[in-house]
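Undergrad:
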Amino acid sequence: MKKILSKSILAGVKSSVEKGLITSEAYSSSLKVYFEIPKEKKFGDLTTNIAFVLAPIAKMPPRKLAEIIIENIPAWPNDVDRVEIAGSGFINLFLKPRFWHKVLRQILAQPKEFCSPAVGRGRKVNIEFVSANPTGPLHVGHGRCAVVGDSLARILEKVGYRVTREYYINDAGRQMDILGRSVFLRYCQELGRDVPFPEDGYQGEYIRDIARDLIKERGDSILSMPEKEAISLLTKIAADVILHQIKADLTLFRIQFDQWFSEKSLYESRAVERAIRYLQKKGWIYEQDGALWMKTSEVGDEKDRVVVRSNGEPTYYASDIAYHRNKFQRRYARLIDIWGADHHGYVNRIRAVARAFSVSEERVSILLVQLVRLMRGDTPVNMSTRKATFTTLSEVIEEVGVDAARFFFLLRRFDTHLDFDLELAKKQSSENPVYYTQYAHARLCSIFREVEKRQLHLPDPDLSLLRNQEEIQLIQKLSLYPQVLIEVAESLEPHRLTFYLIELATLFHKYYNLYRIISEDGDLSSARLALASATQAIIADGLTLLGISTPAAM
RNA sequence: GCGCCCAUGGCUCAGUUGGAUAGAGCGACGGACUACGGAUCCGUAGGUCGGGGGUUCGAAUCCCUCUGGGCGCACCA
């Protein structure tokens, strides 16, 4: 519907240009007219700032420009009641209610199409997130990354991208050795050997659990193996056990991955070597002091970074180069990496890799998700990873539930610090925003149950009966839904959908308190139920994209 | 010391290519249906958008600077 209005305005610009009233630079085929729904009724139903956008190009005051444009609009659709120029150049459109009735009719006729604006055009997107080392359980910080990534993936898919959700498993390198050694030492201790446990070992109780399980399954047989072999075996076993647990936690959190990519496989396939050799040939990697360095300073890093140490051991960065090369080669239109904000020092390293492989920067987005501080009321919950006194993600989910946990993570922009209050998340009251939107959905369901119960036989809806301001406002809000999804896909900010849904629920709750949806008047009831049905469909669609359940009753 | 992120009512936060009088929720106070679910709704109070400078028709939004907080600065991952 808005397209028609947009066309009218563009035609006005074009016609003004043709008549020589404004300079020809003002019109181009890529020119886009954005409409907003103004906060205040007196500014109309839709408004556009096109005159402000064109003012610098046309070198003309916006007000004057607005006048010229609307005078030269060949024809308005007849749903337009009147047009006003306000302020210093806003073009405000006042529409007849039937414009909004048409919008609602469209939503009801093709709800699926309406909720799936096809802007992705089948392009491939890879979104890599969580990717926690398999050395310990997931914590709340991982949880936030997980939910942001998962909701983005759902939304990108919804708007027509082909999405691969990928988890990169750091199953190679020193941390793995330390893991294996930690398990080995706990295993020895559990069998009564008096061996010291190092500072840098993994202190968590889960290491002991793995050791105990090993004893149950294999007794002390591992002690008789050569130590190196034993540690290598335990590394593999421990990583498997922990990864298994991570997958279970993610499943519980309603998160599924399409691809689990092993770091080790990059070494086994010699992809790491090949990538390094390639970059050496291209001059991006050079040798100095016996080590190999990547020229990350070329993209603004403070200094170059080591890829292979002088002792011949590759660093983590080496496999990361090969990994990103691999992703580039899989021909995604877009790569998204989601990291905890504590990794921001690595952004330049990945940018360097992109540059080195001639991948344009817009194709690679790195989202830094700020860390989470877990609170219980006003007091922070102690979170020492080293001592493993932290609360795990699964404990949080168990305490507050999946819906509340996901909702809280999506309630703020991901680049702001988040205090996650366990007490608040648990509360089933108006303090807790989680239930507000779900309640709107449940309430809508209950209305339709009521229709069933009363066995009402209603006529086909005549939407022109929806004349109240609140009804028009509700339709206006519904009409924005696809635009919100597009905005989320462009900005990669899923919290916008969360806020939209809360606002939609607010409008519905207000409407519900003001008017009877089911009344003696069958015609009116039918029209209002149609509006209710569209509202329900969009709340349900949106909640699903956030990975939050849509209860029919609460 | 260097780099990245953040700063908006008492609290927690929105604010879409820079746009009209900066918006919600919570908390506080006062109210609402004999009717489709009161986990709801209505009203009141609360702001020099951290300070200062700049860019322009116009800045919470862009630039500079200062202050305060978070994080990162390894031949660790």
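The first sequence begins at 121 in the working numbering and counts up by one. Each residue gets a CB set at the ideal place from its N, CA and C atoms; glycine is no exception.
1. Using only alpha-carbon positions, find the residue among Ser128, Gly140, Lys162 that is nearest to Ile170.
2. Pop quiz: Val268 and Val467 are said to be a contact at Cβ under 8 angstroms. What is the actual Cβ separation, rounded to whole angstroms?
3. State yes or no: is the C-beta of Leu386 within less than 8 angstroms of the C-beta of Tyr326?
4. Name the residue from Tyr406, Leu299, Gln408, Ala266 whose alpha carbon lies nearest to the alpha carbon of Phe377.
5. Around the Cβ of Arg429, are there at least 16 other Cβ atoms within 10 angstroms (buried) or fewer (exposed)?
6. Please state if the CB of Tyr287 and the CB of Ser251 are separated by a distance shorter than 8 angstroms.
7. When you compare only the Cα positions, how much space is there between Pro197 and Leu578?
8. Go ahead and label Met296 buried or exposed: buried means 16 or more other beta carbons lie within 10 angstroms of its beta carbon, across all protein chains shown.
9. Quick one: any contact between the segment 472-484 and the segment 400-419, if contact means 3 or more CB pairs under 8 angstroms?
10. In terms of residues, what are the limits of the alpha helix (DSSP H) holding Ala560?
11. Looking only at its chain, what residues have a beta carbon closer than 7 angstroms to the beta carbon of Tyr559, apart from the 5 residues adjacent to it on each side?
12. Could you work out which residue in Gly242, Ala238, Gly263, Pro257 is closest to Phe249 when comparing CA atoms only?
13. Which residues bound the beta strand (DSSP E) around Asn246?
14. If you drop the 5 nearest sequence neighbours on each side, which residues of the same chain put their C-beta closer than 8 angstroms to that of Arg332?
15. Does Asn431 pass the burial test, meaning 16 or more other C-beta atoms within 10 Å, or should it be called exposed?
16. Please go through the same chain and pick out, in chain order, the residues whose beta-carbon is closer than 8 angstroms to the beta-carbon of Leu598, but skip the five residues on each side of it.
17. So for Thr499, helix, strand or coil by DSSP?
18. Might you give, ordered along the chain, the residues of its own chain that have their beta carbon closer than 7 angstroms to the beta carbon of Thr168, omitting 5 neighbours on each side?
19. I'd like the list of long-range same chain contacts for Asp457, defined as Cβ closer than 6 angstroms, with 5 residues on each side in sequence excluded.
20. Nearest-angstrom Cα distance between Ile405 and Lys278?
21. Taking all protein chains shown into account, do 16 or more other C-beta atoms lie within 10 angstroms of the C-beta of Arg294, making it buried, or fewer, making it exposed?
22. What number of angstroms, rounded off, separates the C-alpha of Leu666 from the C-alpha of Glu613?
23. In three-state DSSP terms, what is Ile638?
24. Could you tell me which of Ala175, Arg533, Pro316 sits nearest to Arg616, measuring between CA atoms?
TA: Checking against the coordinates, here is how it stands:
1. Ser128
2. Not quite, the Cβ-Cβ distance comes to about 17 angstroms (not below 8 angstroms), so this is no contact.
3. no
4. Ala266
5. exposed
6. yes
7. 32 angstroms
8. buried
9. yes
10. 554-574
11. Met674
12. Gly263
13. 244-248
14. Glu310
15. exposed
16. Val223, Leu224, Ile227, Leu624, Ala654, Thr655, Ile658
17. strand
18. Ile129, Val153, Tyr154, Phe155, Ile211
19. Glu248, Ile486
20. 41 angstroms
21. exposed
22. 12 angstroms
23. coil
24. Arg533
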